[in-house]
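>
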Amino acid sequence: MGHLFMPEVRIEEGTVSFRRWETWFRITGDIDVRPPLVCVHGGPGSTHHYFAPLEQLAQSGRAVVVYDQVGCGGSSRPPIDELSLAVFVDELANIHDRLGLERTHV
Numbered sequence: 820m821g822h823l824f825m826p827e828v829r830i831e832e833g834t835v836s837f838r839r840w841e842t843w844f845r846i847t848g849d850i851d852v853r854p855p856l857v858c859v860h861g862g863p864g865s866t867h868h869y870f871a872p873l874e875q876l877a878q879s880g881r882a883v884v885v886y887d888q889v890g891c892g893g894s895s896r897p898p899i900d901e902l903s904l905a906v907f908v909d910e911l912a913n914i915h916d917r918l919g920l921e922r923t924h925v
């Protein structure tokens, strides 16, 4: 499933380092205009894909940040016994830090 076509809306995709792994992310819109919406998917095994309709918020000036938690989608796949709620909380904090997100809506 791809993202929606939105003319003139900036889209950035990449990965950030987290512990020994990589976390995949996509930013739709400008994170410097207003506090962005950071979308945290459910799991286990889910991905960012069901947040695609929310990316339309970027057209109104609210950037949307989606990411795949480690173990899912485009992110690294560590052994399942290395994953926990604490790991996912730390990963969310790491996303904020690595992307320079000071104020967000989650």
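At position 29 of the sequence shown (counting the first as 1) the number is 848 in our numbering, and the numbers step up by one without a gap. Built from N, CA and C at the ideal position, the CB exists for glycine as well. Since we're looking at a predicted model, the values are computed, not measured.
From the DSSP output, read off the bridge partner residues of C858.
Bridge partners of C858: V885.
> Give the DSSP bridge partners of G833, in chain order.
DSSP lists F844 as partners of G833.
> V883 and L876 look like a contact to me (Cβ under 8 Å); what is the Cβ gap, rounded to whole Å?
The pair is a contact, with the Cβ atoms about 5 Å apart (cut-off 8 Å).
> For the alpha helix (DSSP H) containing E910, name the first residue and the last one.
Where E910 is concerned, the enclosing alpha helix (DSSP H) stretches over 904-918.
> Can at least three beta-carbon pairs, one atom from the stretch 896-905 and one from the stretch 864-874, be found at a separation below 8 Å?
Cβ pair count under 8 Å is below three, so no.
> Thinking just about the alpha-carbon of each residue, which of F837, Q878, G892 is nearest to the one in L918?
Checking every option, the nearest Cα to that of L918 belongs to F837.
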